[in-house]
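These notes are about the structure you will find just below.
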Amino acid sequence: MNITTIKALDGRSDHVVCMDCPTESVASSLENMMVGNNFLPSTCCIFKTPSILYRHKEEAYIPNAFSFGPFHHGKPNLTETEKIKSKYLQCLIARSHSPEARLKQCIDVIKEVEEEARACYAGTIGFSHDEFVKILVLDACFIVELFRKDANLVSKDEDDPVFTMSCMLQYLFHDLILLENQIPWLVLERIFSLTASPNEAKSLVGLTLQFFSNIFSSDEHSIEPHLFANQEIKHILDLLRKSLILPYSGEDSQHCLGWQPFPSATSIKEAGIEFRRVSSSSILDIRFRNGILEMPSLLIQETTETIFRNLISFEQCYPNCSPRVASYVILLSNLINTSKDLDILCGTGIIDNWLIPEDSTKFFKALYHDSYVKEFHYLRLCENVNGYCHQWRSRWNAFYKHNYLGKPWAIVSGFATNPEVVAAVLPFWDDLSLFFLPGGPDAVQRLHGSLQLQDESWFLRLQMLDGWAVPLPP
Numbered sequence: 043m044n045i046t047t048i049k050a051l052d053g054r055s056d057h058v059v060c061m062d063c064p065t066e067s068v069a070s071s072l073e074n075m076m077v078g079n080n081f082l083p084s085t086c087c088i089f090k091t092p093s094i095l096y097r098h099k100e101e102a103y104i105p106n107a108f109s110f111g112p113f114h115h116g117k118p119n120l121t122e123t124e125k126i127k128s129k130y131l132q133c134l135i136a137r138s139h140s141p142e143a144r145l146k147q148c149i150d151v152i153k154e155v156e157e158e159a160r161a162c163y164a165g166t167i168g169f170s171h172d173e174f175v176k177i178l179v180l181d182a183c184f185i186v187e188l189f190r191k192d193a194n195l196v197s198k199d200e201d202d203p204v205f206t207m208s209c210m211l212q213y214l215f216h217d218l219i220l221l222e223n224q225i226p227w228l229v230l231e232r233i234f235s236l237t238a239s240p241n242e243a244k245s246l247v248g249l250t251l252q253f254f255s256n257i258f259s260s261d262e263h264s265i266e267p268h269l270f271a272n273q274e275i276k277h278i279l280d281l282l283r284k285s286l287i288l289p290y291s292g293e294d295s296q297h298c299l300g301w302q303p304f305p306s307a308t309s310i311k312e313a314g315i316e317f318r319r320v321s322s323s324s325i326l327d328i329r330f331r332n333g334i335l336e337m338p339s340l341l342i343q344e345t346t347e348t349i350f351r352n353l354i355s356f357e358q359c360y361p362n363c364s365p366r367v368a369s370y371v372i373l374l375s376n377l378i379n380t381s382k383d384l385d386i387l388c389g390t391g392i393i394d395n396w397l398i399p400e401d402s403t404k405f406f407k408a409l410y411h412d413s414y415v416k417e418f419h420y421l422r423l424c425e426n427v428n429g430y431c432h433q434w435r436s437r438w439n440a441f442y443k444h445n446y447l448g449k450p451w452a453i454v455s456g457f458a459t460n461p462e463v464v465a466a467v468l469p470f471w472d473d474l475s476l477f478f479l480p481g482g483p484d485a486v487q488r489l490h491g492s493l494q495l496q497d498e499s500w501f502l503r504l505q506m507l508d509g510w511a512v513p514l515p516p
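Right, here's the structure in full:
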């Protein structure tokens with residue numbers, strides 16, 4: 043007799059079931075398990091967050107006020123907002139000539155794709171066909187109506203809590219981007235197409251991107267909806283990820299195996315590299331050229347951690363999904379090690395920080411913990427920046443520009459008190475000559491005397507620096 047212990051599969055419960063199972067029964071059970079396809083269907087795109095990621099910050103993966111789809115439907119803390127959803131459904135169907143007929147049409151179009159929609163969810167959905175259709179119809183109608191109201195395509199009620207209570211929109215910005223809280227895009231598309239007015243010009247993609255226009259950056263930029271024309275969109279979270287990837291076609295956009303650490307912002311600045319904020323449709327569009335690191339502005343706000351965590355979770359779960367967002371987060375976590383690093387990026391406008399500086403400094407570090415990143419999409423960028431930082435010339439130039447440019451007496455003082463510096467620098471005299479103005483051989487003689495160099499070879503080398511920039515004190 044064998045005793046089998048079964049633990050909760052989602053990793054979020056300590057519930058344990060112990061069963062006495064005869065060997066024959068176990069064998070029969072295993073044989074049944076091996077029948078058929080044991081893998082998730084290829085259509086799966088909505089997942090429960092893996093417990094290895096979920097444990098780091100649970101509140102980043104669960105809804106605050108609104109449930110969408112089956113995973114969180116019916117939870118006690120989310121039932122009050124069902125009234126708001128039903129009100130939006132009523133507003134949507136009320137604009138048709140026959141609200142009752144329009145409601146039946148909404149139900150029918152979702153029934154047609156119910157099996158396809160159910161296959162989008164990983165795991166078993168514990169709702170009947172009718173219950174599942176009801177959930178999808180109510181949630182999809184609410185989301186479509188929300189986007190139209192936000193774009194002022196339809197009127198808002200004066201007592202609408204979504205637009206009169208500040209917390210409601212904040213709840214929605216959080217709850218709509220959760221991986222576990224998605225509904226299939228095909229469901230949204232069918233409700234949108236069915237309820238669109240004849241003169242409605244904006245697409246569902248356009249309305250969605252408009253609603254989330256400031257989720258990554260406070261810069262005003264628009265992404266052309268035609269970029270998504272041939273894209274198979276899975277859900278809202280997938281659309282937001284694609285909105286970062288499609289506009290960006292840099293040299294690191296291709297698969298890059300391997301990884302290389304990236305210097306901190308402080309180290310980069312000390313190496314003479316300039317940070318420059320650039321305008322781009324994607325925060326992923328980071329480039330390095332001619333000693334300048336170009337980065338689009340990133341807005342750090344309340345939803346920033348939530349969106350990055352859920353995008354990374356999607357990349358970890360969806361088959362053959364490249365870790366584009368995870369690569370960006372890894373790069374940022376290397377770039378921001380201290381509050382000084384954050385100050386540098388904030389000072390150049392690359393980071394637009396709405397949080398407490400201490401929180402912003404450390405939160406990038408924990409975003410990708412326990413994530414598996416096989417392809418690092420900024421490898422070439424790292425190689426180029428690291429190569430530049432390791433060049434002696436760039437470090438020398440940065441040091442003297444910062445400490446001595448415009449301070450000629452500081453140059454003399456540095457040499458007069460540090461003979462070791464002379465020994466190290468003279469082999470690179472032509473680099474030094476860039477910083478000096480003609481001063482004549484007398485200056486060299488006086489420098490030689492002040493340093494009391496006995497070795498004639500040192501004097502000969504000093505003579506090579508015939509173009510001293512600075513008249514020495516008498």
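First residue of the sequence shown: 43, per the numbering used here; consecutive thereafter.
Note that beta-carbon positions come from the ideal geometry of N, C-alpha and C, so glycine has one too.
**Asked** For THR250, which option in ARG331, HIS277, PHE174, PRO92 has the closest C-alpha, if you only look at C-alpha atoms?
**Response** HIS277
**Request:** Report yes if the C-beta distance between SER323 and HIS263 is below 8 Å; otherwise report no.
**Result:** yes
**Prompt:** Could you give the residue range of the alpha helix (DSSP H) that holds ARG422?
**Reply:** 421-431
**Asked** Given a threshold of 16 other Cβ atoms within 10 Å of its Cβ, counted over all protein chains shown, does ALA485 qualify as buried or as exposed?
**Response** Residue confidence for ALA485 is low, a pLDDT of 47 falling below 50, so the modelled location carries little weight; the figure read from the coordinates is stated next. When all chains shown are included, ALA485 counts as buried.
**Request:** Give every residue of the same chain whose Cβ lies closer than 8 Å to the Cβ of SER375, excluding the five residues on either side of it in the sequence, and list them in chain order.
**Result:** PHE406, LYS407, LEU409, TYR410
**Prompt:** Helix, strand or coil: which one does DSSP assign to VAL320?
**Reply:** strand
**Item:** Within 8 Å, strictly: CB atoms of LEU387 and ALA307
**Value:** yes
**Message:** Tell me which residue opens and which closes the alpha helix (DSSP H) that ASP199 is part of.
**Reply:** First-last for ASP199: undefined, no H or E at that position.
**Message:** SER260 and ASP394 - do their beta-carbons sit closer together than 8 Å?
**Reply:** yes
**Asked** Does LEU236 come within less than 8 Å of chain C when only Cβ atoms are used?
**Response** Going by chain labels, chain C is absent from the structure shown, which holds only one protein chain.
**Message:** Between which residues of its own chain and THR91 is the CB-CB distance below 7 Å, once the five residues before and five after are set aside?
**Reply:** TYR103, LEU221, GLU222, SER355
**Item:** Helix, strand or coil at LEU341 according to DSSP, with G and I counted as helix
**Value:** strand
**Asked** Taking just the CA atoms, how far does LEU145 sit from LEU423?
**Response** 53 Å
**Message:** Give me the residue from SER309, SER235, GLU200 with the minimum Cα distance to LYS382.
**Reply:** SER309
**Request:** Would you list, in sequence order, the uninterrupted alpha helix (DSSP H) runs of no fewer than 4 residues that lie entirely inside the stretch 181-248?
**Result:** 203-206, 208-217, 227-237
**Asked** Should LEU341 and ASN272 be called a contact, given that it needs their Cβ atoms to be closer than 8 Å?
**Response** no
**Item:** 6 Å Cβ shell around MET517 - same chain, five flanking residues per side excluded
**Value:** Here the chain covers residues 43 to 516 and nothing more, so residue 517 does not appear.
**Coarse secondary structure for PHE304, derived from DSSP in three states** = coil
**Asked** Should ARG190 go down as buried or exposed, given a rule of 16 or more other Cβ atoms within 10 Å for buried?
**Response** buried
**Simplified DSSP state of LEU335, which is helix, strand or coil** = strand
**Message:** Tell me the DSSP secondary structure of TYR163 in three-state form.
**Reply:** strand
**Prompt:** What's the gap between the Cα of GLN433 and the Cα of ARG319?
**Reply:** 24 Å
**Request:** Taking 8 Å as the cut-off, decide whether the C-beta atoms of SER245 and PRO267 are in contact.
**Result:** yes
**Request:** Identify which residue in PHE253, HIS115, GLU357, GLY389 has its Cα closest to the Cα of GLU173.
**Result:** HIS115
**Counted within 10 angstroms of its Cβ, other Cβ atoms place PRO305 as buried (16 or more) or exposed** = buried
**Separation of ASP412 from VAL279, as counted between CA atoms** = One point to set straight first is that residue 279 is Leu, not Val, in the sequence displayed. Cα-Cα distance, rounded: 21 Å.
**Asked** If you follow the alpha helix (DSSP H) that ILE126 is part of, which residue opens it and which one closes it?
**Response** 124-136
**Message:** Just list the residues that DSSP pairs PHE113 with in beta bridges.
**Reply:** DSSP, once it has assigned bridges, lists no residue as partnering PHE113.
**Request:** State buried or exposed for ASN119, treating a residue as buried only when at least 16 other CB atoms are found within 10 Å of its CB.
**Result:** exposed
**Message:** Using C-beta distances below 8 Å, list every residue in its chain close to SER364, excluding the 5 sequence neighbours before and after it, in chain order.
**Reply:** HIS297, GLU357, GLU417, HIS419
**Item:** Inter-stretch contact (C-beta, 8 Å, three-pair minimum) for the stretch 210-217 and the stretch 149-162
**Value:** no
**Asked** PHE405 by DSSP, collapsed to three states: which one?
**Response** helix
**Prompt:** Exposed or buried, what is ASP192 when buried is set at 16 or more other beta-carbons lying within 10 Å of its beta-carbon?
**Reply:** buried
**Request:** Give the DSSP-derived three-state secondary structure of ILE393 in the structure shown.
**Result:** strand
**Asked** For the alpha helix (DSSP H) that SER93 lies in, which residues bound it at each end?
**Response** 93-96
**Asked** DSSP puts ILE88 in a beta bridge; with which residues?
**Response** TYR163
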